[in-house]
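Below: the structure, in structure tokens.
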Ligand SMILES: Cc1cc2nc3c(=O)[nH]c(=O)nc-3n(C[C@H](O)[C@H](O)[C@H](O)COP(=O)(O)O)c2cc1C
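In this note's numbering, the protein residues as written are 26 to 385.
Next comes the structure, spelled out in structure tokens:
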């Protein structure tokens, strides 16, 4: 369906700054796991092509990428913890920059959202030994999640250090920064969520304690690469990956402490009319980025209104970006969109990845 072009005054087309990131527009690419890395987690030529095709995004936030081998959730996701992976990211960063874009890597430690066969026979780690309900993709097909083991208190500094090391590697590879994935039920979210975190040490219990691990990670990563290159994604009360969260006051505690660090941006996945969005927007002192969630696919005119009305400074777009490498141009002109092909989201290979046609 074609629609009206966006005018030069369009809110979505205005530049925006987020810490050290200077985005020429407010249509950012949401993180999308695509399972195309080499089996050892090294980003390859195909990924470099995919991301450079999408360099028109205000900022590209990459697919979730593990800061440690044990933090891998699914087959063929990229890592940021070996020299080969760092070299692979350099190839991606260089090709996105050559195409005029900006790119940050999403650091995603899957925690309990994994299977031991994906992580070389290791047991997944989590705040508490609580197995997630449901099944996870593995090289042998869908299998029930593995039962995780609880991280001991004295193991946490090493996990925090893995995030900082991965951030250092990201910047050394030429990426423009990192996004900490504290959403969608992965390790950082598992610490925040009262339904999953059953710890009795200073990292469990009260909202202050549940926020502590994420704050410590954000501090260590900021010290490693500068807070102005660090964003964070949260999804308050989102039930994805068997999260239950009754007490979401943890997010006010979390963001008030993160605000003091001077992070580049806060990225919230929530329905725009969820009261938490307005609450966090009102108190967050820096750039506020919104993703409207899985329920409905992102819609240009709705997003234009949200940015024009100041609900968010920028928005991230997932599926439409997946299917339209030149999404910003298409939305600007009001031209027709390619439809995303769900069957190839996680399938591997170029089909449904780099072969979505741009406008002629
Ligand atoms: C194929 C696919 C992979 C995704 N992978 C990630 C991911 O790695 N990290 C993340 O934070 N969100 C991930 N998401 C969620 C998206 O970032 C986004 O929040 C969601 O798709 C809703 O936005 P949309 O309606 O614009 O697609 C994924 C979504 C899809 C469809």
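Cβ atoms here follow ideal geometry from the backbone N, Cα and C, with glycine treated the same way.
Here the C-alpha atom of residue 318 lies approximately 16 Å from the C-alpha atom of residue 329. A heavy atom of ligand 1 is found nearer than 7 Å to the CB of residue 131.
Cβ-Cβ distances below 6 Å link residue 212 to 134, 136 in the same chain, with the five nearest sequence neighbours on each side left out; the list follows chain order.
Taking C-beta atoms under 8 Å as the contact rule, residue 238 and residue 181 qualify, at a distance of about 7 Å. Residue list for ligand 1: 55, 56, 57, 58, 59, 88, 89, 131, 133, 206, 208, 209, 258, 294, 316, 317, 318, 319, 321, 322, 323, 341, 342, 343, 344, 345, 347, 370, 371 (CB closer than 7 Å to any heavy atom, chain order). C-alpha of residue 243 to C-alpha of residue 256: approximately 9 Å in a straight line. As a beta-bridge residue in DSSP terms, residue 90 pairs with 132. Excluding five sequence positions before and after residue 262, the CB atoms of its chain that fall closer than 6 Å to its own CB belong to 270, 273, given in chain order. According to the DSSP assignment, residue 234 belongs to the alpha helix (DSSP H) that extends over 232–250. Per DSSP, residue 166 is not a residue of any alpha helix (DSSP H); the beta strand (DSSP E) it occupies stretches across 166–169.
The stretch 155–216 is shown to contain whole alpha helix (DSSP H) runs of 4 or more residues at 181–197, in chain order.
Between residue 44 and residue 82, the C-beta spacing is not below 8 Å. Closest by C-alpha distance to residue 119, out of 345, 325, 62, 72, is 72. The C-alpha of residue 205 lies about 21 Å from the C-alpha of residue 121. Under the three-state reduction of DSSP, residue 113 is assigned to helix. When secondary structure is reduced to three states using DSSP, residue 320 falls in the coil class, being assigned neither helix nor strand. With a threshold of 16 other beta carbon atoms within 10 Å, residue 152 meets it and is buried.
Just so you know, the alpha carbons of residue 34 and residue 185 end up roughly 43 Å apart.
With a beta-carbon spacing of about 5 Å, residue 130 and residue 195 fall inside the 8 Å limit used to define contacts.
Judged by pairs of C-beta atoms under 8 Å, the stretch 307–314 touches the stretch 280–295, as three or more such pairs exist. A straight line joining the alpha-carbon of residue 228 with that of residue 345 spans about 38 Å. Taking all protein chains shown into account, residue 246 has 16 or more neighbouring C-beta atoms within 10 Å of its C-beta and is therefore buried.
In the assembly as shown, residue 289 is a buried residue. Its beta-carbon has 16 or more other beta-carbons within 10 Å. In terms of Cα proximity to residue 248, the closest of 331, 100, 191 is 191. Taken atom to atom, the span from the alpha-carbon of residue 222 to that of residue 123 is near 43 Å. Taking each of 254, 168, 165 in turn and checking the Cα distance to residue 86, the smallest one comes out for 254. Between residue 316 and residue 301, the gap from beta carbon to beta carbon reaches 8 Å or more. The stretch 62–80 makes no contact with the stretch 360–371, as fewer than three CB pairs between them are under 8 Å.
Excluding five sequence positions before and after residue 189, the CB atoms of its chain that fall closer than 6 Å to its own CB belong to 245, 246, 249, given in chain order.
Secondary structure of residue 151 (DSSP, three-state): strand. Around the CB of residue 351, 16 or more other CB atoms lie within 10 Å, so the residue is classed as buried. Counted as a single uninterrupted DSSP element, the stretch harbouring residue 309 is not any beta strand (DSSP E), since DSSP gives it neither H nor E. As the crow flies, the alpha-carbon of residue 92 is around 5 Å from that of residue 105. Assignment of residue 138 by DSSP, reduced to helix, strand and coil, places it in the coil class. Residue state for residue 122 is assigned as helix, using DSSP reduced to three classes.
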